[in-house]
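This report concerns only the one structure given below.
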Amino acid sequence: MTETSLRTGYRVRASELTGRNWLNTGGRQLQLEDLRGKIVILDFWTFCCINCLHVIDELRPLEEKYSEVLVTVGVHSPKFEHEADPVALASAVERYDIHHPVLDDPELTTWQAYTARAWPTLVVVDPEGYIVAHLSGEGHASGLESLVEELVEEHSAKGTLHRGSGPYVPAESTAGDLRFPGKVLALPETGTFLVGDTGHHRLVELEADLVTVRRTIGSGERGFADGGLDEARFNEPQGLALLPGAIARQVGYDVVIADTVNHRLRGLALADSRVSTIAGNGVQRLLDAENQIKARPVELQETSHDLGGYTGEPPEDATPRLEDTHLGINPTAISLSSPWDVIWSSTLERVVIAMAGTHQIFTFDPLTGSVDILAGTGLEGLLDGDSSAAWFAQPSGLTEDAHGNIWVADSETSAVRILSFLSVNGRVRVQVQSAVGTGLFDFGFRDGGADQARLQHPLGVTALPDGSVAIADTYNGAVRRYDPATRQVSTLVRGLAEPSDVLVDQAPVADGGEPLLIVVEANKHQLVRVPIPKEALAVDEGASQTQRPKTAVVPGPLAVTIRFSAPKGQKLDDRWGDPTQLKISSSPESLLVSGGGTSVGLQRELVLSDEITEGVLHITARAAACDGELGGEIPDHAACHLYQQDWGIPVNFSADGETELTLDLRGLD
């Protein structure tokens, strides 16, 4: 087997596992020595990160298949301040059904010892305690299985492999009728509420009191199956959208469900509780492969709006419609990636989807089955402007305001974004603007003007009756309010346990009262009603940046190398030229004197400005490989695979800093 550690060519002893505490061990404080004789996968993750959640799901089959020889250890290395809270981490471990030991590493001690630079990172340690692989990103399941098989064979022959149970001890559940609920939808005809009971892998219809269960939809077992009340199976369902009655009667279902971990959209017929699959093939979308829908967003306007004076009122011409980008593909043959929220857009007359896994906004037309990309390049970050060039970062919540604009809770940038529409010659043109939020590593808990206000990983938004927007500011445990007329952010409610969604309850208005807010309080497994205060709080607990260790570099030339080797049984797909690509930019832009942009190849010479003291390098690497043996031809119908990883590398300058930066986007040989 070819050595695939970061230090290729010789054996590297694994470092000790050091942190604050261990979870899922029954109180036992593990040492690396306790795992000797087992194949160990160290999974460096943080619970805000969608890619990390993908990896947790990718590893489940391996953990089950090799339970006697393989131990996964989650090393939790937090990005956000809230994620360093041990109570929040314990909830996340329960929420995501993590069935392996987890090391709480709030100071990133073990992260630094293993030279991790991105979430997620996987490190494989052999039964003798040596590192044999160091991987970035997701999509390595098949390569890992091949490596585990080789290690089992090798160490069985050496007598260094020990079979038997691992150190995992499950924690007690804290759930009730609901378990980590995600999103909520009002059902006006019955006065009830439909909830994505995410942790129980089902839907629950609650009476108006938000407590009494009218019915449950789904078996409650993680999986995928269509069918009736007790037959259907989901995998961490989140967003819910109610279709207009006329549309629902034509398509045969009333509610669209974002079945997040199944990477599908499901349809629910309320009358008979039947669930069907309406989009998605269950295969996670990574990039635009041959059998997936291409990124053909709508044409965009050439001008932008000043958000301070923008009312968002649509033009008075014909109802805007998207440019026809339907490719004639059955929507259930298209790959999606962690759809997190869905709403019906009265402007577009389509379902709008927050596609968290690819950092994009999609649309789905129930009548034609057309699935289209509305906004976002797929690159992770915060970049406004034309929708075809905009960057998002794990969009997780959607709402439509009275003017037809779509508001987006862009969780990883701790931002709220706006999609506004103009119709020109019958075609929709889309602009993306940021109302609150400044970047991928900036967060905090601060009210005031939008330029200074800070959120922390918001997951939900809803339009308020006065034209403002309420925000489920999840990691701040608060509901915030943004007023587009004044561009001010205020706090409505605080002291909540990870609110994941917020909804206006208009029912009290019928009795002469004021509307209330319904808040999904995920970590208390409940929904609560709260008043909409006339006088909001004023909070300023400061602005923060993600405290990741900075890489010291020398001003001037910096050589960047991305190491990649195709997994066993695959070869680089060079039939149409170089199958690799490197895209590099920086924050601030002036950090890069030269070397930015996109080009083929996985090596680049940068020049860094000596007038900037620190910044962030944004690096995206891609490589394409197809099934086939080295030296042979790639078969015409070979399965092809696209590998991608994004890094945000904080750097500062030092006279004795690095002149080379080497990162790993690696398959397993």
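For the sequence shown, position 126 matches number 125 in numbering that gives the first Met the number 0, and the numbering has no gaps at all.
Ideal Cβ placement from N, Cα and C applies to all residues, glycine included.
Around the CB of valine 86, fewer than 16 other CB atoms lie within 10 Å, so the residue is classed as exposed.
Rounded to the nearest angstrom, the Cβ distance from proline 119 to glycine 138 is 11 Å, too far for a contact under 8 Å. One alpha carbon belongs to leucine 107, the other to valine 147, and they sit about 27 Å apart.
Where glutamate 62 is concerned, the enclosing alpha helix (DSSP H) starts and stops at 49-64. Annotation for lysine 549: no beta strand (DSSP E) segment contains it, and DSSP assigns it neither H nor E.
Straight-line measurement puts the Cα of glutamate 32 at about 18 Å from the Cα of leucine 22. With contacts defined as CB atoms closer than 8 Å, proline 514 and isoleucine 531 qualify as a contacting pair. Rounded to whole angstroms, the gap between the alpha carbons of glutamine 111 and valine 74 is 11 Å. Remark: C-beta atoms of valine 615 and glycine 594 do not approach each other more closely than 8 Å.
Annotation for aspartate 364: Arg349 place their beta carbon closer than 6 Å to its own, counting only its chain and skipping 5 residues before and after.
Residues of the same chain with a CB within less than 7 Å of the CB of tyrosine 129, apart from the 5 flanking positions on each side, are Arg10, Val11, Arg12, Ala13 in chain order. DSSP places arginine 445 within a strand segment (E or B) once states are collapsed to three.
For arginine 416, the closest alpha carbon among the candidates Val460, Asp371, Pro60, Ser589 is that of Val460. For the options Pro578, Ser419, Asp441, Glu613, the alpha carbon positioned closest to that of leucine 590 is the one of Glu613. When Leu601, His161, Gly25, Gln644 are compared, the shortest CA-CA separation from glutamate 127 is found for His161. DSSP, read as helix, strand or coil, puts alanine 207 in coil. When the five nearest sequence neighbours on each side are left out, the beta carbons in the same chain lying within less than 6 Å of the beta carbon of aspartate 645 are those of Glu379, Thr619, in order along the chain. If you draw a straight line from the Cα of leucine 571 to the Cα of glutamate 588, it is about 33 Å long. Here arginine 94 carries a helix assignment [DSSP, helix/strand/coil].
Less than 8 Å separates the beta-carbon of valine 254 from that of leucine 184. Per the C-alpha coordinates, the member of Ile583, Val351, Leu495 positioned closest to valine 599 is Ile583.
Nearest Cα to serine 395 within the set Asn424, Phe361, Asp450: Phe361. Per the Cβ contact rule, the region 33-40 is not in contact with the region 167-186 (fewer than 3 Cβ pairs under 8 Å). Pairwise C-beta distances place the region 264-284 in contact with the region 220-228, as three or more of them are shorter than 8 Å. Nearest in C-alpha terms to aspartate 125, of all of Leu143, Ala117, Thr437, is Leu143. The residues Val435, Arg445, Asp446, Val488, in chain order, have a CB closer than 7 Å to that of alanine 452 in the same chain once the five nearest residues on each side in sequence are set aside.
Going by beta carbons, leucine 205 and threonine 191 fall inside the 8 Å limit. Serine 345 sits exposed, since fewer than 16 C-beta atoms from the chains shown fall within 10 Å of its C-beta. Boundaries of the alpha helix (DSSP H) around valine 250: 244-250. The beta strand (DSSP E) runs lying completely inside the region 176-208 and spanning 3 residues or more are 183-186, 191-196, 201-205, given in chain order. Rounded to whole angstroms, the separation of the alpha carbons of valine 351 and valine 429 is 13 Å. Boundaries cannot be given for glutamine 505, as no alpha helix (DSSP H) includes it and DSSP labels it neither H nor E. Residue range 140-157 is occupied by the alpha helix (DSSP H) that includes alanine 140.
Sorting Ala623, Pro338, Ile470, Ala637 by C-alpha distance to the C-alpha of alanine 565 places Ala623 at the top. Glutamate 153 and leucine 241 have their C-alpha atoms roughly 55 Å apart. As for any beta strand (DSSP E) of minimum length 3 sitting wholly inside the region 342-393, the runs are 349-354, 359-363, 370-374, ordered along the chain.
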